[in-house]
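Residue numbers (full-length UniProt numbering): 1 to 544. One structure is given here, and the rest of the page talks about it.
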Amino acid sequence: MNYAWLASSSVMFFSMLVTISLTLIGCSPETSEYQQPNGIIYCSEGNPASFNPQLDTSGTTVDVSSHQIYDRLLDFDLVTGEIISGLASSWITSVDGLTYTFQLRKDIAFHSTGYFTPTRSFDADDVVFSFNRWRDKNHPYHDVSGGRYPYINSVGLGDLISDIKRINRYRVEITLVRPESSFLANLATDFSIILSAEYAEKLAAAGTPDLIDTHPVGTGPFKFNSFRQDRYVRFDAHPEYWRERSTTQQLIFDITPSSSLRLAKLMTGECDSMAFPTHSQLDIIRKRKELTLDEKPGLNIGFWAFNTTKPPFDKPEVRRALAMAIDKNALMEAIYFGSAIPATSIIPPSSWAFQPDTRSSTFNPLAAAKLLRENGVEEGFSMTIWAMPVERAYNPNAMKMAELMQRYLRNVGIDANIVSYEWSTFRARLNQGLHDSVLIGWSADNGDPDNFFRPLLTCSAIASGTNRARWCSKEYDKLIDQALNYTAQEDRAYFYSKAIELINEQMPLMPIAHAFRYQAYRDNVTGIEINPYGGIQFRNVGKQ
């Protein structure tokens, strides 16, 4: 196939869509209803599943909630990746690495909204409540909104903490079962948010505890105003925010699933910034003088995961054969248009745990067909490829990728059927393990390599829904646990190299690409930074 022609045709077709979209927007008053003189409008790609990122690892939910509504004890410096203070002004670690004492900031105000007025500021009770909710199965709020905390469970954070104590109003002590080098990094992720214990008490007394996740209260730079499914999420600035604030008085997430329509709105000024520009859109954005496109290497991985609990995908030989049937270089040309690099493992090159000598699967359809027949997979065997219905940096067009893979698999006697659903339904059914294989990926929540190894492939991550291969290897888990017993990178790297060798041998998933991250916005917008460790932040964003 001529992939250069395919890429060129995609750009031409997209240009036509933009023209049509611009015409439609000119006739539609939809967005103008929400435009504010000193507000920021962000064209997002979908509806959040919740307003509590602890309950969902979807980037859509994280973007709309984690850094807008909430704060964490610790944060990441977006430039250096260092762990810095957040709601905790300082912390001390015991000599044995088991006890962490956090000094909390004073006079941090929670949001005052139409449904809640706080009577006190943030303190140790809020930290204890927020952590005990997900770590203590007997906590009154543990099972509220389903009782699933996918990221926290996938990294074993609840089992790692043996106790959390309120020392005084502004000091908290956390004791671990064992030392773990990634502990502080996990406290700085998008998911370790701090909720209001006072608000939770009020809701419990009223018999409406579920509202804590649909009508949120935090200490973040924006407070929740309203949400209309498939339309918008509206936030107001938190006037008592403890950090430096921008002049933005309102933040609106304009829910626009179509990438061509998102770009059209950005071009007409109906949106100030947009989520996930597709790779065929990048040159269009670069050529528009009123638009800015920022780019950074991504801490991510796009992959094809096999459901290892289903025959014949429970055989490593079958999984390796399927990987050999796919020409990854062709996928790179047709899907990423030069904005990603081929992946040899789940770890991106920017990570200190990256192994440059790792060899990925080699395209060899003849050997693939032979290996499939030898392992009982006859010609005409039918399987499914589940393709994400949303765009992500690590896979900007899963449906198109699945169609290309479908042709390669046909050449080795496999009939691949493509399956897709609306995003929330897709993820719910994926969690049930109904798929044979799935095109999906992962974006790091911190710079520690454990953030790839543990959520993607450990046994505990199956129940949490982040291990899409549903692969459980005691040998692999032992290697990952051993790596966390050390603080020196060279010591940890040894165990991670062994883990990568095991992944390549067992092939629970086929790594495809590490993509660059892009952020597109209008040139009068200031303060936008690409966050390499998770969701977008609007705290310092304003307009000139």
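Even glycine gets a Cβ: it sits at the ideal position worked out from N, Cα and C. Computed from a prediction, not measured in an experiment: that's the story for all the values here.
Residues of its chain near residue i, where Cβ-Cβ distance is below 8 Å and the 5 sequence neighbours each way are ignored
i: LYS474; result: CYS459
i: LYS400; result: ALA334 and ILE335
i: PRO316; result: GLU505, GLN506 and MET507
i: MET324; result: SER361, THR362, PHE363, ASN364, PRO365, ALA367, ALA368 and LEU371
i: ALA124; result: LEU104, ARG166, ILE167, ASN168, ARG169, TYR170, ARG171 and VAL172
i: ARG243; result: PRO221 and ARG539
i: LEU160; result: LEU176, VAL177, ARG178, GLU180 and PHE183
i: ALA197; result: ASP125, ASP126, VAL128, PHE129 and SER130
Beta-carbon contacts of residue i that lie in its chain and below 6 Å, excluding the five residues immediately before and after
i: PHE363; result: ASP327
i: TRP423; result: GLY46, PRO389 and VAL390
i: GLY535; result: VAL62, ASP63, SER66, HIS67 and ASP190
i: PHE276; result: GLU45 and GLU391
Inter-residue Cα distance where the pair is residue i and residue j
i: ARG468; j: GLN544; result: 44 Å
i: HIS279; j: PHE337; result: 6 Å
i: LYS223; j: SER121; result: 15 Å
i: PHE538; j: GLY527; result: 8 Å
i: ILE284; j: PHE516; result: 17 Å
i: SER85; j: VAL127; result: 15 Å
i: GLY380; j: GLY413; result: 5 Å
i: TYR241; j: ILE41; result: 20 Å
i: ALA444; j: ASN138; result: 30 Å
i: ASP254; j: VAL233; result: 7 Å
i: GLU403; j: ASN411; result: 13 Å
i: LEU78; j: PRO311; result: 43 Å
i: ARG169; j: ASN132; result: 17 Å
i: LYS296; j: GLN281; result: 17 Å
i: ILE480; j: ALA488; result: 14 Å
i: THR247; j: ASP107; result: 22 Å
i: GLN54; j: LYS287; result: 39 Å
i: ILE346; j: ASN375; result: 26 Å
i: SER437; j: ASP96; result: 43 Å
i: PRO48; j: THR60; result: 6 Å
i: residue 567; j: PRO150; result: The chain is shown only over 1 to 544; residue 567 falls outside these bounds and no answer can be derived.
Spatially closest choice to residue i from the options, by CA coordinates
i: LEU157; options: VAL128, ASP143, ARG166 and LEU187; result: LEU187
i: TYR476; options: GLU490, ASP450 and SER464; result: ASP450
i: SER350; options: MET405, ASN397, PRO140 and GLY298; result: GLY298
i: TRP134; options: THR60, ASN52, ALA204 and VAL177; result: ASN52
i: ARG359; options: ALA369, PRO365, PRO342 and ALA367; result: PRO342
i: SER192; options: GLY146, LEU203 and GLY218; result: GLY218
i: GLU201; options: LEU456, ILE161, PRO118 and GLY147; result: PRO118
i: LEU502; options: ASN531, GLU529, TRP471 and ARG522; result: TRP471
i: ALA387; options: GLU378, PHE76, ALA416 and VAL377; result: ALA416
i: GLU378; options: LEU409, ARG427 and TYR394; result: LEU409
i: SER58; options: ILE512, MET510, ARG522 and THR466; result: THR466
i: ASP210; options: GLY146, GLN355 and LEU266; result: GLY146
i: ILE152; options: TYR521, PRO455 and PRO356; result: PRO455
Residue i (DSSP reduced to helix, strand or coil)
i: TYR421; result: coil
i: TRP471; result: coil
i: ILE530; result: coil
i: TYR232; result: strand
i: ARG522; result: strand
i: GLY146; result: helix
i: THR119; result: coil
i: PRO342; result: strand
i: residue 546; result: As displayed, the chain neither begins before 1 nor continues past 544, which places residue 546 out of reach and without an answer.
i: ILE480; result: helix
i: SER162; result: strand
i: PHE426; result: helix
i: MET324; result: helix
i: SER497; result: helix
i: HIS435; result: coil
i: ARG407; result: helix
i: PRO511; result: strand
i: PHE452; result: helix
i: GLU295; result: strand
i: THR268; result: helix
i: ASN186; result: helix
Cβ neighbours of residue i in the same chain (closer than 7 Å, five flanking residues each side left out)
i: LEU184; result: LEU74 and ILE83
i: THR93; result: TYR100
i: LEU509; result: PHE303, TRP304, ALA305, PHE306 and ALA469
Residue span of the beta strand (DSSP E) that contains residue i, given as start and end
i: LEU55; result: That residue, LEU55, is in no beta strand (DSSP E); it is neither H nor E in DSSP.
i: SER44; result: 39-44
Residue i, enclosing alpha helix (DSSP H) - first and last residue
i: GLU374; result: 365-374
i: VAL127; result: 124-135
i: TYR100; result: Run containing TYR100: none in the alpha helix (DSSP H); it sits in the beta strand (DSSP E), 99-104.
i: LYS289; result: No alpha helix (DSSP H) contains LYS289, which DSSP labels as neither H nor E.
i: GLU201; result: 197-206
CB contact check: residue i to chain D, cutoff 7 Å
i: LEU457; result: Among the chains in the structure shown there is no chain D, since it carries only a single protein chain.
Check: residue i C-beta below 6 Å from any heavy atom of the ligand MN
i: TYR232; result: As presented, the structure is devoid of all ligands, the ligand MN included, so that no description of it is given.
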